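Undergrad: One point on numbering: in our numbering, the residue at position 158 of the sequence shown is 275, and numbering is uninterrupted. For each residue, glycine too, the CB sits at the ideal point set by N, CA and C. All values reported here derive from a predicted model rather than from experimental measurement.
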Amino acid sequence: MSTTYPAGRTLSTAITDSWTMTRRELAHWARQPVQVVVGLVFPVMLLLMFTYLIGGGRGIDGDFKDYLVPGILTMTMAFGLEATMLAVTQDLGKGVIDRFRSMPMNSAAVLVGRSVADMLQSAVGLIVMIAVGYAIGWRWHEGAASFLAAVGLLLLFRFAMLWIGIYLAMVAGKPELVQAVQILVWPISFLSNAIAAPESMPSWLGAVVEWNPMSATATAVRGLLGNPSPVGDSWAGAHAEMLAVAWPLVLIAVFFPLAVRRFRDLSR
Numbered sequence: 118m119s120t121t122y123p124a125g126r127t128l129s130t131a132i133t134d135s136w137t138m139t140r141r142e143l144a145h146w147a148r149q150p151v152q153v154v155v156g157l158v159f160p161v162m163l164l165l166m167f168t169y170l171i172g173g174g175r176g177i178d179g180d181f182k183d184y185l186v187p188g189i190l191t192m193t194m195a196f197g198l199e200a201t202m203l204a205v206t207q208d209l210g211k212g213v214i215d216r217f218r219s220m221p222m223n224s225a226a227v228l229v230g231r232s233v234a235d236m237l238q239s240a241v242g243l244i245v246m247i248a249v250g251y252a253i254g255w256r257w258h259e260g261a262a263s264f265l266a267a268v269g270l271l272l273l274f275r276f277a278m279l280w281i282g283i284y285l286a287m288v289a290g291k292p293e294l295v296q297a298v299q300i301l302v303w304p305i306s307f308l309s310n311a312i313a314a315p316e317s318m319p320s321w322l323g324a325v326v327e328w329n330p331m332s333a334t335a336t337a338v339r340g341l342l343g344n345p346s347p348v349g350d351s352w353a354g355a356h357a358e359m360l361a362v363a364w365p366l367v368l369i370a371v372f373f374p375l376a377v378r379r380f381r382d383l384s385r
């Protein structure tokens, strides 16, 4: 049963409702510390594995770590979505969402609160990854403004991926189906320039890789940080910073309203 909200509800009330839901999600961190730690450690393991065990760097001039770390930072923004997706499906399955719907609160506050909590955790994870990258010898070579712009692009990409995950979680409906959906992140990640330059790939595959939204963010971040970023002669590579903003905004414009509409439809 859907809730009828008072006509006087304002944007400030919606923000208050969303913050209440955010604090609810943050309280789960204290009860599930292992899940939080695993989410932080997994990308660190990836970075160390690709740096010291697998190596690489074909088609890249300079230190491979300077190319790899921004790519892994970008991949990190796509990983860990299963925690948010599981939280959404578990709330749906346990009837928690139904109880929230019976309360006089903004209908989107539950999803917004979940997304804000996820973004806070993503920001913490990004800080950890930057520290680890610095510890293994990676350096950025531009000023503070460029560094903050790179971080902003990474978080924007995460925000877009997050709303895709929330929508797919509600479509899946069950926690056991979330893992199957999460597997889709892997081909998207490895069909990007996060860990290998498109110039080292067959021409047809390199073209696909360069138009991957993750590739746009990784290339733009490398450029802002002054790290090596071979882009070839493609339009996508030459306009990576523009695409790094455009791709996430398009994805958010599509999946945010889809997620909110799906959430509202579940109450009918």
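How close, in whole Å, do the beta carbons of M377 and L228 come, if the pair is a contact with beta carbons under 8 angstroms?
TA: Numbered from 1 along the sequence shown, position 260 holds the residue referred to as residue 377. Numbered from 1 along the sequence shown, position 111 holds the residue referred to as residue 228. Contrary to the premise, residue 377 reads as Val rather than Met in this sequence. Indeed, because the Cβ distance is near 7 angstroms, the residues count as touching under 8 angstroms.
Undergrad: State yes or no: is the C-beta of M162 within less than 8 angstroms of the C-beta of A286?
TA: The residue given as residue 162 occupies position 45 in the sequence shown. The residue given as residue 286 occupies position 169 in the sequence shown. Cβ atoms of M162 and A286: not closer than 8 angstroms.
Undergrad: Assign S346 to one of three DSSP states: helix, strand, or coil.
TA: Taking the sequence shown and counting its residues from 1, the one referred to as residue 346 is at position 229. Three-state DSSP puts S346 in coil, outside helix and strand.
Undergrad: Buried or exposed for A261, going by 16 or more other Cβ atoms inside 10 Å?
TA: Against the sequence shown, residue 261 aligns to sequence position 144. Per the 10 Å Cβ criterion, exposed.
Undergrad: Kindly indicate which three-state DSSP category S309 falls into: helix, strand or coil?
TA: Translated into the one-based positions of the sequence shown, residue 309 becomes position 192. Here S309 sits in coil by DSSP.
Undergrad: Are at least three pairs of beta-carbons, each pair with one atom in the region 235 to 243 and one in the region 333 to 346, less than 8 angstroms apart?
TA: Segments in contact, no.
Undergrad: Which term fits M194, buried or exposed, when burial requires 16 or more other beta carbons within 10 angstroms of its beta carbon?
TA: Counting from one through the sequence shown, the residue named residue 194 turns up at place 77. Per the 10 Å Cβ criterion, buried.
Undergrad: Report yes if the CB atom of S135 is closer than 8 angstroms to the CB atom of G282, and no otherwise.
TA: What you label residue 135 is simply residue 18 of the sequence shown in a count that begins at 1. What you label residue 282 is simply residue 165 of the sequence shown in a count that begins at 1. Not in contact: S135 and G282 (Cβ atoms no closer than 8 angstroms).
Undergrad: Counting along the chain, where does the alpha helix (DSSP H) carrying P187 start and finish?
TA: Within the sequence shown, the letter at position 70 stands for residue 187. P187 -> alpha helix (DSSP H) spans F181 to T193.
Undergrad: According to DSSP, simplified to helix, strand and coil, what is E259?
TA: Within the sequence shown, the letter at position 142 stands for residue 259. Coil, per DSSP.
Undergrad: Just confirm the distance between the C-beta atoms of V326 and L342, as a whole number of angstroms; I'd bet it's less than 8 angstroms.
TA: The residue labelled residue 326 in the question sits at position 209 within the sequence shown. The residue labelled residue 342 in the question sits at position 225 within the sequence shown. Not a contact, Cβ separation roughly 20 angstroms.
Undergrad: So, helix, strand or coil for P315, using DSSP?
TA: Walking along the sequence shown from the start, residue 315 turns up at place 198. Note: P315 maps to helix in three-state DSSP.
Undergrad: Looking only at its chain, what residues have a beta carbon closer than 7 angstroms to the beta carbon of E259, apart from the 5 residues adjacent to it on each side?
TA: On the sequence shown, position 142 is the one that residue 259 refers to. Closer than 7 angstroms at Cβ, skipping near neighbours: L341, L342 and G343.
Undergrad: Over what stretch of residues does the alpha helix (DSSP H) that includes I244 continue unbroken?
TA: In the sequence shown, the residue the question calls residue 244 occupies position 127. Counting along the chain, the alpha helix (DSSP H) containing I244 begins and ends at A226 to A252.
Undergrad: State buried or exposed for K291, treating a residue as buried only when at least 16 other CB atoms are found within 10 Å of its CB.
TA: If you number the sequence shown from 1, residue 291 lands on position 174. Exposed, by the Cβ-count rule.
Undergrad: Rank L143, G188, W352 and P160 by C-alpha distance to the C-alpha of P345 and give the top, closest one.
TA: Start at 1 with the first residue of the sequence shown, and residue 345 comes out as number 228. Cα-wise, what sits closest to P345 is G188.
Undergrad: Our contact map puts I369 next to A266 with C-beta atoms below 8 angstroms; I'd like the distance itself, whole angstroms only.
TA: Counting from one through the sequence shown, the residue named residue 369 turns up at place 252. Counting from one through the sequence shown, the residue named residue 266 turns up at place 149. That pair is no contact at about 18 angstroms.
Undergrad: Please report the straight-line C-alpha distance between W303 and N329, rounded to a whole angstrom.
TA: On the sequence shown, position 186 is the one that residue 303 refers to. On the sequence shown, position 212 is the one that residue 329 refers to. Taken atom to atom, the span from the alpha-carbon of W303 to that of N329 is near 13 angstroms.
Undergrad: Reducing DSSP to helix, strand and coil, say where W280 ends up.
TA: Working through the sequence shown from its first residue, we reach residue 280 at position 163. Looking at W280 - three-state DSSP - the assignment turns out to be helix.
Undergrad: Taking its Cβ as the centre, do 16 or more other Cβ atoms sit within 10 Å of S129, making it buried, or is it exposed?
TA: The count along the sequence shown starts at 1 and reaches residue 129 at position 12. S129 comes out exposed.
Undergrad: In angstroms, rounded to a whole number, what distance separates the CA positions of V313 and D382?
TA: Working through the sequence shown from its first residue, we reach residue 313 at position 196. Working through the sequence shown from its first residue, we reach residue 382 at position 265. In the sequence under discussion, the amino acid at residue 313 is Ala, which differs from the Val named in the question. Computed Cα separation, rounded: 42 angstroms.
Undergrad: Give the straight-line distance between the Cα atoms of L73 and L322, rounded to the nearest whole angstrom.
TA: The displayed coordinates of the chain run from 118 to 385. Any statement about residue 73 would go beyond what the structure contains.
Undergrad: Going by beta carbon distance, what residues of the same chain come within less than 6 angstroms of G254, once the five residues before and after it are set aside?
TA: Taking the sequence shown and counting its residues from 1, one reaches residue 254 at position 137. These residues qualify, in order along the chain: K182.
Undergrad: Assuming R379 and Y251 make a contact with CB atoms under 8 angstroms, what is their CB distance in whole Å?
TA: For the purposes of this step, residue 379 is taken as the residue at position 262 of the sequence shown. For the purposes of this step, residue 251 is taken as the residue at position 134 of the sequence shown. Contact doesn't hold; Cβ gap of about 41 angstroms is too wide.
Undergrad: Can you name the start and end residues of the alpha helix (DSSP H) that I369 belongs to?
TA: Residue numbering aside, residue 369 sits at position 252 when the sequence shown is read from its first letter. Its alpha helix (DSSP H) spans residues A357 to D382.
Undergrad: Between T206 and V295, which are expected to be in contact by the criterion C-beta below 8 angstroms, what is the C-beta distance as a whole number of angstroms?
TA: Mapped onto the sequence shown, residue 206 falls at position 89. Mapped onto the sequence shown, residue 295 falls at position 178. The pair is a contact, with the Cβ atoms about 6 angstroms apart (cut-off 8 angstroms).
Undergrad: Does the distance from the CB of A361 to the CB of L279 come in under 8 angstroms?
TA: Mapped onto the sequence shown, residue 361 falls at position 244. Mapped onto the sequence shown, residue 279 falls at position 162. Cβ distance not < 8 angstroms, so A361 and L279 don't count as in contact.
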